[in-house]
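Heads up, the thing below is written out as structure tokens.
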Amino acid sequence: MITNNLLKVFGVRPDQLGNDHLSTEELRTLVHEAGALIPKRNQSMLLGVLELEEVTVNDIMIPRNEVEGIDLDQPISQILEQLSTTQHTRLPIYYGEINQIVGLLHMRNLAQLIQRGEVTKESILKVSRDPYFVPESTPLQTQLLNFQKQSRRIGIVVDEYGDVEGIVTLEDILEEIVGELSEENNDLVEDIHPQDDGSYFIDGGAYVRDINRALHWQLPTDGPKTLNGLITETLESLPDANICLVIGEYRLETLQIQDKFIKTVRIISIKKDKLN
235 MITNNLLKVF GVRPDQLGND HLSTEELRTL VHEAGALIPK RNQSMLLGVL
285 ELEEVTVNDI MIPRNEVEGI DLDQPISQIL EQLSTTQHTR LPIYYGEINQ
335 IVGLLHMRNL AQLIQRGEVT KESILKVSRD PYFVPESTPL QTQLLNFQKQ
385 SRRIGIVVDE YGDVEGIVTL EDILEEIVGE LSEENNDLVE DIHPQDDGSY
435 FIDGGAYVRD INRALHWQLP TDGPKTLNGL ITETLESLPD ANICLVIGEY
485 RLETLQIQDK FIKTVRIISI KKDKLN
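In terms of our numbering, the sequence shown is residues 235 to 510.
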């Protein structure tokens with residue numbers, strides 16, 4: 235439905251194509267071969283929509299270790315200090331640890347409490363909305379429609395056992411279609427450092443899908459989410475010292491290993507290197 239509506243915007247009428255139905259792969263090929271008929275920006279958006287079926291919530295979620303939330307077991311003074319400095323408009327609320335989420339607080343509702351001078355743990359919980367849980371295997375196309383049906387903008391991602399894996403937002407899904415929405419929040423620039431020889435120094439915690447998107451690479455994305463995870467899975471162990479390895483068309487060299495984590499990796503495209 236999403237794809238057909240977007241095709242109508244660009245002058246393609248799916249309802250007038252007769253009985254010749256195209257598969258997703260055939261549509262993707264048509265978009266690629268359209269060339270100058272479709273502006274590059276629009277072409278990228280169409281391809282983003284077609285890929286929604288192949289990407290799950292787990293692929294784009296903010297992992298639990300990066301989720302900022304309000305711990306109601308903390309003193310109210312500490313909670314207020316956190317609320318006054320946060321850059322987020324919606325925050326999960328929990329007791330003790332992230333698996334005990336009891337609500338989602340919108341900062342707009344907090345402002346109303348501040349105006350009335352009624353900021354307490356009880357009042358914060360009262361103005362919070364019930365949490366909305368999302369299975370980690372949900373395809374992005376399905377989740378986009380679910381956000382619309384549920385009138386939600388943020389979901390708590392859980393695994394098959396109900397443990398919290400992270401959070402996903404409507405903005406995250408839209409960025410899969412139109413690209414990064416906010417340059418201020420784009421930390422990828424800080425993770426990728428181009429070198430004069432054509433290689434890149436990349437932070438081990440960078441997401442593989444983000445690296446592929448930024449550099450137009452094709453590192454494997456069907457396994458670990460981060461570059462550190464991709465390397466350790468390929469080696470089946472954490473290296474004791476810096477090593478070199480090849481994954482597909484890319485040569486990787488670990489530059490810094492700290493606290494059982496690969497901090498920095500040098501990567502160069504072998505294909506590009508041969509052309510040069």
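We put the beta carbon where it would ideally sit given N, CA and C, even for glycine.
- Label Asn238 either buried or exposed according to how many other C-beta atoms from any shown protein chain fall within 10 Å of its C-beta, with 16 as the threshold for buried. exposed
**Prompt:** Of all Cβ atoms in chain B, is any one closer than 7 Å to the Cβ of Leu280?
**Reply:** The structure shown contains no chain B; it is built from a single protein chain.
In whole angstroms, give me the CA-to-CA distance for Asn343 and Val361.
Rounded to whole angstroms, Asn343 to Val361 spans 6 Å at the Cα level.
**Report entry** Residue from Val412, Ile313, Ile327 and Leu472 whose Cα sits closest to the Cα of Val301
**Finding:** Ile327
* Asked: From Gly463, Asp430, Ile407 and Pro428, pick the residue whose C-alpha is nearest to that of Leu284; which is it?
  -> Ile407
Does Ile348 pass the burial test, meaning 16 or more other C-beta atoms within 10 Å, or should it be called exposed? By the neighbour-count rule (16 or more Cβ atoms within 10 Å), Ile348 is not buried but exposed.
So who's on the other strand from Leu404, going by DSSP bridges? For Leu404, which the question treats as bridged, DSSP gives no partner whatsoever.
Fill in: Simplified DSSP assignment, three categories, for Ser503
strand
Q.
Residues in the same chain with beta-carbon distance under 8 Å from Thr290, minus the five sequence neighbours each way, listed in chain order, please.
A. Glu370, Ser371, Thr372, Pro373 and Leu374
If you draw a straight line from the C-alpha of Thr498 to the C-alpha of Lys383, how long is it? 42 Å
Does the stretch 439-454 come close enough to the stretch 314-330 to have 3 or more Cβ pairs within less than 8 Å?
-> no
### Query
Within 10 angstroms of its Cβ, does Gly351 collect 16 or more other Cβ (buried), or is it exposed?
By the 10 Å Cβ count, Gly351 comes out exposed.
Original post:
Alpha carbon to alpha carbon, what distance is there between Tyr484 and Gln312?
Top reply: 47 Å
Have a look at Pro365 and Asp437 and give me their C-alpha separation to the nearest angstrom.
33 Å
Original post:
Where are the beta strand (DSSP E) runs, 3 residues long or more, that stay fully inside the stretch 268-339, in chain order?
Top reply: For the beta strand (DSSP E) assignment, the uninterrupted runs of no fewer than 3 residues enclosed by the stretch 268-339 are, from N- to C-terminal side, 324-328.
*Cβ distance (whole Å) where Gly389 is taken to contact Val368 below 8 Å*: Confirmed, about 4 Å.
>> Between which residues of its own chain and Asn333 is the CB-CB distance below 7 Å, once the five residues before and five after are set aside?
In response: Asp397 and Val398
> Under a Cβ-count criterion, where at least 16 other Cβ atoms within 10 Å of its own Cβ denotes burial, should Gln377 be classed as buried or exposed?
Replying inline: buried
Alpha helix (DSSP H) containing Thr466: first to last residue?
It spans Leu461 to Leu469 - the alpha helix (DSSP H) in which Thr466 sits, taken as one unbroken run.
- Item | CA-to-CA distance, Thr354 to Leu489, given in whole angstroms | 48 Å
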